[in-house]
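These notes concern the structure reproduced below.
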Amino acid sequence: MLYTVLSVIYAIAAVFLIAVVLLQSGKSAGLSGVIAGGADTFLSKNKAKSADARLAKATKWVAIVFLLLTLALTLMAK
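In this text, residue positions in the sequence shown follow our numbering: the first is 9, and each later residue adds one.
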């Protein structure tokens, strides 16, 4: 029963991890904004950075949960 519950949480964590990684902007996004002429205002740039920071933090924690679930399920399978 515990193995099944952990497997469901594992699948949800995997989908969430994929979604969070895909939602993040790339490192080259800042350079394209400079070349485009800086159409963003100062406030919208700060908002984007805070959203990217939250996504990076979410990625870190979901990846840790994913790793721990992987280890737990591997040890339970043996």
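Glycine included, every Cβ here is placed at the ideal spot set by N, Cα and C.
Check whether the Cβ atoms of Leu-31 and Ala-80 sit closer than 9 Å, and answer yes or no.
-> Their beta carbons are not under 9 Å apart, which means Leu-31 does not touch Ala-80 by this criterion.
Candidates Phe-24, Ala-85, Thr-12: which alpha carbon is nearest Ala-71's?
-> Phe-24
Count the other CB atoms, across all protein chains shown, that sit within 10 Å of the CB of Val-29; report buried if there are 16 or more and exposed otherwise.
-> Val-29 comes out exposed.
Do Tyr-18 and Leu-77 have their C-beta atoms within less than 9 Å of each other?
-> yes
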